[in-house]
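Enquirer: Numbering (the working numbering), first residue to last: 72 to 595.
(1) Are the Cβ atoms of residue 294 and residue 329 separated by less than 9 Å?
(2) What is the residue span of the alpha helix (DSSP H) that residue 139 lies within?
(3) Shortest alpha-carbon distance to residue 353 belongs to which of 247, 261, 239, 557?
(4) Ends of the beta strand (DSSP E) at residue 501?
(5) Would you call the CB atoms of residue 194 and residue 407 closer than 9 Å?
(6) Please name the residue, chosen from 186, 469, 430, that lies closest to residue 267 on a Cα-to-Cα basis.
(7) Rank 97, 88, 107, 402 by C-alpha distance to the C-alpha of residue 515 and give the top, closest one.
(8) Could you tell me how far apart the beta carbons of residue 376 and residue 182 are, in whole angstroms, since I believe they sit closer than 8 Å?
(9) Note the first and the last residue of the continuous beta strand (DSSP E) segment covering residue 328.
(10) Around the Cβ of residue 301, are there at least 16 other Cβ atoms within 10 angstroms (buried) or fewer (exposed)?
(11) Rounded to a whole number of angstroms, what is the C-alpha to C-alpha distance between residue 412 and residue 475?
(12) Grab me the residues of residue 399's own chain with a C-beta within less than 7 Å of its C-beta, minus the 5 sequence neighbours each way, in chain order.
(13) Does the beta-carbon of residue 259 have 16 or more other beta-carbons within 10 angstroms, so that it is buried, or is it exposed?
(14) Determine the DSSP secondary structure at residue 340, reduced to helix, strand or coil.
(15) What separation, rounded to the nearest whole angstrom, lies between the Cα atoms of residue 580 and residue 254?
(16) Are residue 280 and residue 470 close, meaning C-beta to C-beta below 9 Å?
(17) For residue 221, which of helix, strand or coil comes out of DSSP?
(18) For residue 221, which option in 500, 427, 397, 525 has the closest C-alpha, if you only look at C-alpha atoms?
(19) Residue range of the beta strand (DSSP E) that residue 147 falls in?
(20) Answer yes if the stretch 118-133 comes into contact with the stretch 521-532, meaning at least three C-beta pairs across the two stretches below 8 Å, and no otherwise.
(21) Tell me which same chain residues have a C-beta within less than 7 Å of the C-beta of residue 85, skipping the five on either side of it?
(22) In the DSSP assignment, find the beta strand (DSSP E) that holds residue 385 and state where it starts and stops.
(23) To the nearest angstrom, report how far apart residue 535 and residue 90 are at their CA atoms.
(24) Excluding the 5 residues flanking residue 363 on each side, which residues of the same chain have their C-beta closer than 8 Å to its C-beta?
(25) Compare the beta carbon distance of residue 158 and residue 533 with 9 Å and say whether it is the shorter of the two.
(26) Could you give the first and the last residue of the continuous alpha helix (DSSP H) run that contains residue 156?
(27) Figure out for me which residue from 236, 323, 419, 104 has the closest Cα to the Cα of residue 169.
(28) Candidates 416, 308, 149: which alpha carbon is nearest residue 332's?
(29) Could you tell me which residues DSSP pairs with residue 105 in its beta bridges?
(30) With residue 283 as the anchor, note down where its alpha helix (DSSP H) starts and where it stops.
(31) Considering just the uninterrupted stretch of the beta strand (DSSP E) at residue 75, what are its terminal residues?
(32) Among the residues of its own chain, which have a CB less than 8 Å from the CB of residue 72, if the five just before and after it don't count?
(33) Name the residue from 174, 336, 237 whose alpha carbon lies nearest to the alpha carbon of residue 561.
(34) Mapping the DSSP letters down to three states, classify residue 263 as helix, strand or coil.
(35) Using the C-alpha atoms, what's the distance from residue 482 back to residue 452?
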């Protein structure tokens with residue numbers, strides 16, 4: 072007997088059925104036709120089983136479910152040993168990580184390799200978890216410091232691993248990132264242009280955006296589809312656009328953008344919109360703009376962020392300049408190591424942080440552990456078990472269309488699944504890396520660490536071999552194997568993102584949250 076542990080009732084029934092049909096997949100199909108027998112015994116005694124048979128049982132469940140109900144009904148958390156097997160079959164790999172890196176950098180982004188850590192010239196350890204010195208990535212940071220790498224930690228606590236520490240108040244990381252972006256846009260795109268070539272070739276900054284009328288001004292209406300031959304259409308006609316503001320309640324910013332006319336439509340570029348969002352003024356444009364870096368009233372200046380984060384404006388300015396100059400001189404060898412930001416709108420803060428890398432040509436510098444090469448689905452199916460009565464529409468911006476008014480997170484999730492979005496419907500086979508309670512109801516097979524689950528996680532290689540044998544395939548498909556070039560996105564163009572006023576990086580202060588993050592409902 073090996074190390075596998077199986078629900079006693081399940082393994083007894085499985086052996087009885089398999090003896091009759093002689094086919095593991097057919098046996099599982101017959102067993103799940105009347106699965107209440109072992110469901111009632113879930114959480115009772117588990118018995119040892121040899122690893123080969125345990126892998127066969129798991130593989131039979133996976134193959135049958137993928138064949139009968141679709142691969143998306145097989146799910147595994149990204150930290151489960153079986154995540155690679157499930158992802159290779161096209162199943163739902165659930166994650167508690169934010170969806171922002173996929174939105175901005177694309178689903179094929181694999182993160183920096185081990186050598187890139189040591190080669191990085193400037194590292195931002197950003198987030199709560201980075202104060203823990205003994206992490207898996209610590210040796211690479213230490214190796215880089217021997218080569219002269221500068222490390223700046225940004226979080227709620229000081230750290231011993233950095234040359235400098237910016238101690239920010241919990242939930243205000245996005246405000247600091249927005250202020251740093253304000254400086255980068257002003258000094259490295261308007262005053263000087265060292266990153267123009269990168270922006271034109273590798274980002275969506277030159278892409279054209281349609282504007283639509285709203286009240287007495289305009290709001291972004293979505294990408295037109297093509298890239299303009301320049302970053303900005305400045306010098307042409309200008310109009311006022313309405314942008315979301317959340318630092319003083321759900322409000323509206325009035326800023327101007329230059330526009331082109333295409334028939335009856337007004338067009339501007341993502342870059343021009345980004346300058347308006349960040350409050351970087353150019354002569355002749357209408358609207359209300361910050362008077363300079365020292366303006367505390369208008370977002371998103373270094374002085375404005377100081378009131379929220381507690382980080383001195385001079386230090387935010389210095390860090391932004393160091394990031395820009397280092398990226399310019401080293402060809403983009405800067406890295407952000409993101410920690411977890413436990414706020415309802417963490418994805419918005421992550422996008423503001425990602426924007427710093429996109430603007431400075433450091434697109435490979437987002438060092439997010441886990442999930443590389445696996446199509447990650449936001450971790451929603453477990454939240455869908457109970458009814459959350461929070462009003463999702465309350466999170467919208469002041470000029471939202473009201474698509475989610477008086478809607479619950481559960482109803483929004485179910486609508487997304489019914490509409491064919493690549494979300495996770497309630498799985499029939501679920502692999503968990505650790506106990507999670509309450510467990511989802513109606514799951515045929517729970518693969519997890521304790522007696523509340525049917526089966527302890529078998530060896531992934533044994534399961535992969537059994538899946539290939541039972542399904543008649545020679546190997547698991549490699550997800551995202553193609554190397555198709557994609558522009559990095561600073562405009563996340565989706566109707567739901569526009570509803571929340573979060574199509575571009577926007578600061579939201581911490582507040583009352585709901586289990587479902589609307590920003591995680593958008594994938595490309």
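Backbone N, C-alpha and C define an ideal beta-carbon position, used for all residues, glycine too.
Expert: Taking the structure as given:
(1) In the chain shown, counting from the first residue as 1, residue 294 sits at position 223. In the chain shown, counting from the first residue as 1, residue 329 sits at position 258. Taking 9 Å as the Cβ cut-off, residue 294 and residue 329 do not qualify as a contacting pair.
(2) Within the chain shown, numbered from 1, the residue matching residue 139 stands at position 68. Looking at the DSSP string, the run of the alpha helix (DSSP H) that includes residue 139 is 122-140.
(3) To locate residue 353, count along the chain shown from 1; it is residue 282. It is 261 whose Cα lies nearest to the Cα of residue 353.
(4) Taking the first residue of the chain shown as position 1, residue 501 is located at position 430. That run of the beta strand (DSSP E) goes 500-502.
(5) Along the chain shown, one-based indexing puts residue 194 at 123. Along the chain shown, one-based indexing puts residue 407 at 336. Contact: yes.
(6) The residue you call residue 267 lines up with position 196 of the chain shown. Ranking the options by Cα distance to residue 267, first place goes to 430.
(7) As a position in the chain shown, residue 515 is number 444, starting the count at 1. Residue 107 is the option with its Cα nearest to residue 515.
(8) Start at 1 with the first residue of the chain shown, and residue 376 comes out as number 305. Start at 1 with the first residue of the chain shown, and residue 182 comes out as number 111. Not confirmed; about 28 Å, so no contact.
(9) Here residue 328 corresponds to residue number 257 of the chain shown, with the count starting at 1. 322-333 is the span of the beta strand (DSSP E), which, as asked, contains residue 328.
(10) Here the question's residue 301 lines up with position 230 in the chain shown. Answer is exposed; the Cβ neighbour count stays below 16.
(11) As a position in the chain shown, residue 412 is number 341, starting the count at 1. As a position in the chain shown, residue 475 is number 404, starting the count at 1. Rounded to the nearest angstrom, the two C-alpha atoms are 25 Å apart.
(12) As a working note, residue 399 is residue 328 in the chain shown. Only 265 meet the Cβ criterion.
(13) As a working note, residue 259 is residue 188 in the chain shown. Residue 259 should be labelled buried.
(14) By one-based count along the chain shown, residue 340 stands at place 269. DSSP places residue 340 in strand when its eight states are reduced to three.
(15) For this step, residue 580 is matched to residue 509 along the chain shown. For this step, residue 254 is matched to residue 183 along the chain shown. So the alpha carbons of these two residues sit roughly 21 Å apart.
(16) Residue numbering aside, residue 280 sits at position 209 when the chain shown is read from its first letter. Residue numbering aside, residue 470 sits at position 399 when the chain shown is read from its first letter. No. Outside cutoff.
(17) Within the chain shown, residue 221 is the residue found at index 150, counting from 1. In this structure, residue 221 counts as strand in the three-state DSSP scheme.
(18) In the chain shown, counting from the first residue as 1, residue 221 sits at position 150. For residue 221, the nearest C-alpha among the options comes from 397.
(19) For the purposes of this step, residue 147 is taken as the residue at position 76 of the chain shown. Residue 147 -> beta strand (DSSP E) spans 145-148.
(20) yes
(21) The residue you call residue 85 lines up with position 14 of the chain shown. Excluding residues within five positions, the ones whose Cβ falls inside 7 Å are 98, 102, 128.
(22) Locating residue 385 in the chain shown gives position 314, counting from the first residue. Unbroken run through residue 385 is the alpha helix (DSSP H), 384-401; no beta strand (DSSP E).
(23) One-based indexing of the chain shown puts residue 535 at position 464. One-based indexing of the chain shown puts residue 90 at position 19. Each residue's Cα considered, the two are about 23 Å apart.
(24) By 1-based counting over the chain shown, the position of residue 363 is 292. Only 372 meet the Cβ criterion.
(25) As a working note, residue 158 is residue 87 in the chain shown. As a working note, residue 533 is residue 462 in the chain shown. Not closer than 9 Å, so no.
(26) Counted from its first residue, the chain shown places residue 156 at position 85. From DSSP, the alpha helix (DSSP H) with residue 156 extends over 154-159.
(27) Sequence index remark: in the chain shown, residue 169 carries index 98 (1-based). Per the Cα distances, 419.
(28) Working through the chain shown from its first residue, we reach residue 332 at position 261. For the residues 416, 308, 149, the minimum Cα distance to residue 332 belongs to 308.
(29) Counting from 1 along the chain shown, the entry for residue 105 is found at position 34. Answer is none; residue 105 lacks a bridge partner.
(30) As a first step, residue 283 is located in the chain shown; it is residue number 212 there, counting from the start. Not the alpha helix (DSSP H): residue 283 falls in the beta strand (DSSP E), residues 278-285.
(31) The count along the chain shown starts at 1 and reaches residue 75 at position 4. 75-78 is the span of the beta strand (DSSP E), which, as asked, contains residue 75.
(32) Counting from one through the chain shown, the residue named residue 72 turns up at place 1. Interpretation of residue 72 is limited by its pLDDT of 41, a score under 50 that renders its predicted location unreliable; the figure taken from the coordinates is listed afterwards. These residues qualify, in order along the chain: 119, 120, 121.
(33) By one-based count along the chain shown, residue 561 stands at place 490. Ranking 174, 336, 237 by Cα distance to residue 561 puts 174 first.
(34) As a first step, residue 263 must be located in the chain shown, where it is residue number 192. Residue state, collapsed to three classes: coil.
(35) Along the chain shown, read from residue 1 onward, the residue named residue 452 stands at position 381. Along the chain shown, read from residue 1 onward, the residue named residue 482 stands at position 411. Note that residue 452 scores a pLDDT of 45, beneath 50, so its modelled location is shaky and nothing firm can be said.
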